[in-house]
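Inspection log for the structure reproduced underneath, given as structure tokens.
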Amino acid sequence: MREGQTLYFPYLYARQSEIRALRSLRGNQPLRNIVIPILEPVNRAHAELQRLLNDFGTANDNLIVVTNPYQHEFHGRGLDGWIEPIEEAIDAHRSLIPGLLCSQATTAEQIRDFLTQYRERDVALLYLNTRLSDAQVQRLAERANIRFHINLHERMSAAHRAMLPREKVVDVRDDFQRKARNADYVGIEFFTDRHLNYQQLAVGFGDYTILGATFEAGGGPAAAVAIHGTFKERGGDVWVEHFVSDDVELNVGTVGEKFLQAAGKLVVRAQQFPRKFGNDQALRDYADDVAAQHYPGLGKSKERQIYHHVALMHQLLTGQL
312 MREGQTLYFP
322 YLYARQSEIR
332 ALRSLRGNQP
342 LRNIVIPILE
352 PVNRAHAELQ
362 RLLNDFGTAN
372 DNLIVVTNPY
382 QHEFHGRGLD
392 GWIEPIEEAI
402 DAHRSLIPGL
412 LCSQATTAEQ
422 IRDFLTQYRE
432 RDVALLYLNT
442 RLSDAQVQRL
452 AERANIRFHI
462 NLHERMSAAH
472 RAMLPREKVV
482 DVRDDFQRKA
492 RNADYVGIEF
502 FTDRHLNYQQ
512 LAVGFGDYTI
522 LGATFEAGGG
532 PAAAVAIHGT
542 FKERGGDVWV
552 EHFVSDDVEL
562 NVGTVGEKFL
572 QAAGKLVVRA
582 QQFPRKFGND
592 QALRDYADDV
602 AAQHYPGLGK
612 SKERQIYHHV
622 ALMHQLLTGQ
632 L
């Protein structure tokens, strides 16, 4: 990692659309030294995740994977049957960074066990409402093999945050304003400017892309289809525009028709303002679907929204946009 290097950490939950977005991104963008994804798995199915880890590892690209997930399919269950293939991938590739989520329930002993297990390699600690003492945080700050101290939702106290070395700190914040219904999204709104001003306080910054931090297992049929497209505004700030289908009632139109309504609006805007939205494969795929009047499925649309946002941040940080 070079001095002054800009690092962006998209935080994702390792679902199918997220895994596929990252796989496509890694194939099309030189992510190394710019983008380091953080994955907190929520599903026990591990084949696609293991394949993604091996893809990143083979390319010597960094990726952080949480080794003690707790949400959704992991809630109230152990890690047996899931952790073994994940550890196998981690052991095979030095560029993969095992992470430990340190919550209110995490004990100092569990942190010690994790650091002992991975004492010969770089690791990441992710802090979320921890109950560590000042002395414990100070000892962690002095550990050489903790490559990243990741401050989730900026929930560390100012005193504990100040103990951590700046060159290892990452602040991850939810910059997406989630609405209860897709039909509730309207117009444009500010997303972030942290890529412009974080350098004095941290080595990197992160967000939860256009998905938001709150994990949702999935809902029923879509009454409205929304596509969230981030873009660069004057001065370099990132904003997000919400493209919502014209039809927003459950029994009006098909989901495919609603997708094309929303996608059509995105394509017009992105082609009208290429210096704002950039040019990436996700935008081209949306344009192809609109031209062909093809509906690829909502999962594919989510994949493209993630792809576009991460690609946009990459283009901003590398001066391409």
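Numbers in the numbering used here are just positions in the sequence shown, counted from 1, shifted up by 311. Every residue, glycine too, gets a C-beta built ideally from N, C-alpha and C.
Using a Cβ distance threshold of 8 angstroms, D548 and D504 count as a contacting pair.
The beta carbon of N493 lies closer than 6 angstroms to those of A535 and A537 in the same chain, with the five residues before and after it left out. From the listed residues D445, Q510, Q447 and F570, the smallest Cα separation to P532 is found for F570. In the structure shown, V555 falls within a strand segment according to DSSP collapsed to helix, strand and coil. Taking 8 angstroms as the cut-off, the beta carbon of L437 is found closer than this to the beta carbon of L411. Judged by their CB atoms, Q327 and A622 are not nearer to each other than the 8 angstroms cut-off. Annotated three-state conformation of P321 is strand, per DSSP.
Counting only the Cα atoms, A603 lies some 21 angstroms from H539.
By a beta-carbon distance limit of 8 angstroms, K490 does not contact F459. Their separation comes to about 31 angstroms. Contact check for Y597 and R615: beta-carbon distance about 6 angstroms, within the 8 angstroms limit, so the pair qualifies. Here R430 has N456 as same chain residues with Cβ atoms under 7 angstroms from its own Cβ, once five neighbours each way along the sequence are excluded. With respect to the 8 angstroms criterion, I330 and G517 are not classified as neighbours on the basis of their beta carbons.
A distance of 8 angstroms or more separates the beta carbons of R466 and R432. Residue burial annotation: G546 is exposed, with fewer than 16 other C-beta atoms found within 10 angstroms of its C-beta. Annotation for H553: Y496, V497, G498, A537 and H539 place their beta carbon closer than 7 angstroms to its own, counting only its chain and skipping 5 residues before and after.
The alpha-carbon of V483 is positioned some 8 angstroms away from that of Y519. For P607, the CB contacts under 7 angstroms within the same chain, skipping 5 residues up- and downstream, are D600 in chain order. F385 is positioned such that its CB atom lies no closer than 8 angstroms to that of L374. The residues T378, I401, Y429 and V434, in chain order, have a CB closer than 6 angstroms to that of P409 in the same chain once the five nearest residues on each side in sequence are set aside. A370 and E395 have their alpha carbons spaced roughly 22 angstroms apart.
Secondary structure of A470 (DSSP, three-state): helix. Under the three-state reduction of DSSP, P476 is assigned to coil, being neither helix nor strand. In the DSSP annotation of this structure, the continuous segment of the beta strand (DSSP E) that includes G410 starts and ends at L407 to C413.
Within the segment 379-443, the complete alpha helix (DSSP H) segments at least 4 residues long are 394-403 and 419-428, listed from N- to C-terminus.
Boundaries of the beta strand (DSSP E) around F501: I499 to T503. Excluding five sequence positions before and after N440, the CB atoms of its chain that fall closer than 7 angstroms to its own CB belong to S414, Q415 and R466, given in chain order. The shortest CA-to-CA distance from A325 to any of H619, H383, R472 and G392 is the one to H383.
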